[in-house]
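For what it's worth, our numbering labels the leading residue of the sequence shown as 41, then goes sequentially. Take a look at the structure set out below.
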Amino acid sequence: MRLTPWYKIESLTPREDLRLGKPLDASEFAVHLDQVRNNQAPDDYQNPERFFERTFLTKHLIELSSQVVRRLSGIKVSTNAVFNLSTQFGGGKTHSLTLLYHLAKEGSKTNNYVDVKKILNQAEITSVPEAAVAVFVGTEFDSLYGRGGDDGTPLRKTPWGEIAFQLGGEAAYEIVKQHDQEFIVPGGDVIRKFLPKDKPCLILIDEVINYISRSRKKGCNNLLYNFLQTLSETARCLDNVVLVISIPASELEYTPDDEADEQRFKKMLDRVGKAIMLSAESETAEIIRRRLFEWDTKAVAQNGKILLLNDARKTCKAYADWMVENRTSLPSWFPIDSAEEAFLATYPFHPTVLSVFERKWQALPRFQRTRGILRLLALWVAKAYEEGYKGLNQDPLIGLGTAPIDDSLFRVASFEQLGSDKLEAAVITDISGRKDAHAVRLDKDASTEIKKAKLHNKVATTIFFESNGGQTNHNATLPEIRLSVGEPELEIANIETVLESLQTNCYYLAVNQNRYRFNTYPNLNKILADRKASIQDERISRRVQEESQKVFRSESGIHVVHFPETSSNIPNQPVVTLAVLSPEYSSQEDSTLKMVETMIKESGSQARTYKSAVIFSYVDTEQKLREDARKLLAWEDIQNEGTKLDEEQTKQLKENLMKADRDLKETVWRSYKNLCYLGKDNNLRVVDLGLITSSQANSMVKLVINRLRQDGEIEESINPNFLIRNWSPAFTEWSTKSIRDAFFASPRFPRLLSGDAIKDTIARGVSSGVFAYVGKIGDKYEPFTFKTSLSPSEVEISEDMYIIKGEEAESYQQRITKPPKLTTLVITPTNVSLKPNTKQVFSIEGKDQYCEKIDTGTITWVTSGGEIDSQGLLTAGDSEGNYFVSASAQGIETKAAFSVIVDNIVDKPNPSPTFTTAKVAESNEKYTVDSPKESIINWQGEVPAQKWMQFYTKVLTRFASNRDLKLTMEVKFTVEGDVSEQQKNETKSALQELGLDDEL
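The structure is reproduced here in structure tokens:
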């Protein structure tokens, strides 16, 4: 619910001069009774009707005025002839005298003025009697110089001479002329003679102490005492004479003699008259409303208070509801259950605006209760009204935090009430008055809600008022601040947030266990700011590096390199290496990743072998690191230099040191949030660790390890099957060193926390039969360990020790236990067409039971057509037909078919028959056999990767010597997963180098 700003409530508008922003002097709220008598006072005081409109008749003021007019009417019952006004300086005494003056001077004309009916009703009279009035103001009358004499009136030098003249003119003065000239106090008989006989008489005496203090050397203090005593006794005996006296001057100006005279006069007046205490605390709000605002004189309740419109009442209810909702967070002295009534009573002011002066300020010696509050609030209202209509605020109420402390006139008025301007520096530095004041700056940088509410400024201003402006030991408590600043729809937790910011930034704010005040001397923040300015950059950089080294403690299996500047600073070794870059290399700098790429590729002047082993950690930005390091160094310097501090500051320094140390540590954690390493695609991969804190791990290195584990980039151990899946087809044996190095050189392999983890993998693989652990001597494996227990400590990482796959190991093991023997003869060619008497060479290859090549020994050749020698050279016969060639060795036989064709046309040979194996003698002799007509050999099949080279040497090379041979190949690779672009490009490049078509 949007509440209507106070300045838009029509029934309660600031008076015209405040709306126009006219500068107000303190005298605007300090009545000069002599000026009223001489028709020289401002219109608010001089014009009787206007005066009554702006005066709220408090309970005590009605009591005083009703008794006075009742006595002036000649009624002595329930009345007094002598009144002694008592209240604090600036509390409304002279204002009360002015009210009595207008009543007596105007008489019945005042009957219809605002609230005068209340006076008449209480006095039980129908009309205000007109009376002769005499006014004596001690601050104005001078007994040496006198008054009159040069203006056609008699010269008067004493209070009695002046009073007689005002009451009865020259005739009355003549009665006391000699007393006046000779400074002799008239007796009661003389006084009765100069008092008017035809009308009532009102004598008003103000600022008595000021007069006697100035005239004490002439004995005027005693003379005035005697005169007032005689005058009082005389008035008591008469029916329609009233004497009203206001004694106190500002107590700050009292001398011991003044204090003695004050007590003497009060005792005398209390004996002969009645002491009247003027405005009560509960009536201050209505007094202020009447004095500062224009209002409808008809819209007044029976108790004399101004009635509020519905919009104003809605505001009061909304604030009261907020108070009830947050009851436990507010001070116990505030009447939560009647909060709405409290807001209605003080509207448009927040109740704390008025109560703070009575709770905290009225104890200050120079504080003027009513006059001082009016002066401050008039400036306050004028400024708030101006800012409201400029759109600078939409405040539903005039709250304590909205005081225009940025206005120099308001500050001066505030300091006058405080009695000192020593807080000027604190106010303009920490609150407002300068564009760079801490509260102003913090509001600009705050979140939207806090910025809109100007919460830093409001809280700081509230602390200023609630802590007596720092003049006494009063503090602003957290509940009091919440009460003053809180409003509907404000998140109360924001107040604590703002207080923390102020505590951290303000130079004069003192804090002690949720109690706040502004001091006249700087706090540790100011001392810190001054000290920070002298911290050299070199010290800051060194401290940041020291703290970073503490955070990046080495962990088992991880080698940490701090702040490398060149690639040679990072060892080229098969160990996971965390390179912590210096803070100046941040993610904000483009050069950082370029440097990282260089360090990964290079190791000094050489290419880096173990590219995958290096992981880089670097900061997001170095600014916060340097700020926190500078602060910690400054706190340490303050402590080490023995800066003079009070007890509270010493305690706070210790706390700040601990906090600064923690803050720097946490900033190191939060700043080093970026990792960079070689990704599986052989390109740099950058990882943002997000928001990290020291609570996530016992060291930054541990946190990095944990993250890389989650991402599958680092492992503690490897399953033996991983090696099988990633076994290169280029070799049968895989050296243990090559295996270990692959985990730190190839990004396709995960990094190992320890290179020794590969020993465990090999040991487990050997035990489970996944592979064998072997050494190699010639064509034999020695040692050979397979399917037997093997300790990781027995595994040697070297170029001379290998693992072989399980099937290879089993094959080898069989060859050891069952020696190879000839089991198969392979004859080539298996089918051929020949002309009569032509020659053809047949060759034999022996295979053992392991499909490996084996010596055949002597071959026995037999043919069914023609002749064949011991070397497999066949000479075809003359007769046309189909024949065979048989080869046998060691009881194994194989056959090949051939045809003899008489004519010149050589048909495509018949499909070869199926032959069983036969013995064939192997020969090393080479023969050239004429080929008949062009023939085509087709073969299609799958070649295992292990036999690619054998396929080339055993099959393709047999035709390489024939220049007319044409080889057409279709190569089809089937792989798991996707074929990378890199593999495709490499294949195309190789085909281009061979001058072949590179279309895939």
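Each residue gets a CB set at the ideal place from its N, CA and C atoms; glycine is no exception. Computed from a predicted structure; not experimentally measured.
Item                                                                                                            : Value
Opposing strand residues paired with Lys462 [DSSP bridges]                                                      : Paired residues: none, contrary to the question.
Proximity of Thr502 and Gly428 at Cβ, strictly below 8 Å                                                        : no
Runs of alpha helix (DSSP H) wholly within the region 303 to 349 (minimum 4 residues, chain order)              : 324 to 332
Candidates Thr44, Asp1018, Leu1036 and Thr1014: closest to Pro528 by CA position                                : Thr44
Separation of Val1011 from Tyr967, as counted between CA atoms                                                  : Only weak support exists for where Tyr967 lies, its pLDDT of 36 falling under 50; the coordinates are left without a value.
CB-CB length for Ala453 against Phe389, believed under 8 Å                                                      : Contact flag wrong, Cβ pair sits at about 17 Å.
Exposed unless 16 or more other CB atoms sit within 10 angstroms - verdict on Ile843                            : buried
Start-end ranges of the alpha helix (DSSP H) lying completely within the region 475 to 563, minimum 4 residues  : 478 to 485, 488 to 493, 495 to 506, 518 to 525 and 533 to 545
As assigned by DSSP and simplified to three states, the class of Ser1020                                        : coil
Start and end residues, alpha helix (DSSP H) containing Phe96                                                   : Premise fails: Phe96 is in no alpha helix (DSSP H) and is neither H nor E.
Test item: CB-CB of Ile908 and Val925 under 8 Å                                                                 : yes
Candidates Gln930, Thr878 and Lys875, of which the one nearest Ile894 by Cα                                     : Gln930
Minimum Cβ-Cβ distance from Val480 to chain B less than 8 Å                                                     : The structure shown contains no chain B; it is built from a single protein chain.
Given 8 Å, three or more beta-carbon pairs between the region 483 to 499 and the region 537 to 545              : yes
Lys1024 classed as buried or exposed, judged by whether at least 16 other C-beta atoms fall within 10 angstroms : exposed
Minimum C-alpha distance to Ser581 - residue among Ile655, Glu667 and Gln206                                    : Glu667
When Ile598, Thr1014 and Leu748 are compared against Ser794, the one with the closest alpha-carbon              : Ile598
DSSP beta-bridge partners of Tyr821                                                                             : Lys816
Expected contact under 8 Å - CB spacing of Thr772 and Glu848 to nearest Å                                       : 6 Å
DSSP three-state assignment for Ala798, whether helix, strand or coil                                           : Just to set this straight, residue 798 is Ile in the shown sequence, not Ala. Residue state, collapsed to three classes: helix.
Segment contact, 8 Å Cβ cut-off, at least three pairs: the region 728 to 746 with the region 760 to 770         : no
Cα-Cα separation, Pro240 to Tyr387                                                                              : 41 Å
Best match in Glu834, Pro984, Thr617 and Asp701 for proximity to Arg742 [C-alpha to C-alpha]                    : Before going further, note that residue 742 is Lys rather than Arg in the sequence given. For the residues Glu834, Pro984, Thr617 and Asp701, the minimum Cα distance to Lys742 belongs to Thr617.
For Ser574 and Leu568, the rounded distance between their alpha carbons                                         : 10 Å
Selected residue, minimal CA-CA separation from Leu715, among Gly805, Arg481 and Thr632                         : Thr632
Status (buried if at least 16 other CB within 10 Å, exposed otherwise) for Glu587                               : buried
Beta-carbon proximity list for Val76, same chain, < 7 Å, skipping 5 on both sides                               : Tyr85, Gln86, Thr138 and Tyr141
Environment of Ser757 [buried if 16+ CB atoms lie within 10 Å]                                                  : exposed
Reduced DSSP secondary structure (H/G/I, E/B, other) of Val30                                                   : What the structure shows of the chain is the stretch from 41 to 1040, and residue 30 is not part of that stretch, so it cannot be assessed.
Buried/exposed call for Ala289, threshold 16 Cβ in 10 Å                                                         : Since pLDDT at Ala289 reaches only 48, below the 50 mark, its modelled position is unreliable, and the value read off the structure follows with that caveat. With 16 or more other Cβ atoms within 10 Å, it is buried.
Three-way DSSP call (helix, strand, coil) for Phe991 in this model                                              : helix
Other residues of its chain near Thr360: CB distance less than 7 Å, five sequence neighbours each side excluded : Checking the sequence shown, residue 360 turns out to be Ala, not Thr. Excluding residues within five positions, the ones whose Cβ falls inside 7 Å are Ala379, Glu380 and Phe383.
Beta-carbon proximity of Val312 to Ser272, cut-off 8 Å                                                          : yes
Assigned secondary structure, Leu724 (DSSP; H/G/I helix, E/B strand, else coil)                                 : strand
Arg522 versus Asn738: straight-line alpha-carbon distance, rounded                                              : 40 Å
Bounding residues of the alpha helix (DSSP H) (the contiguous stretch that carries Asp84)                       : Asp83 to Gln86
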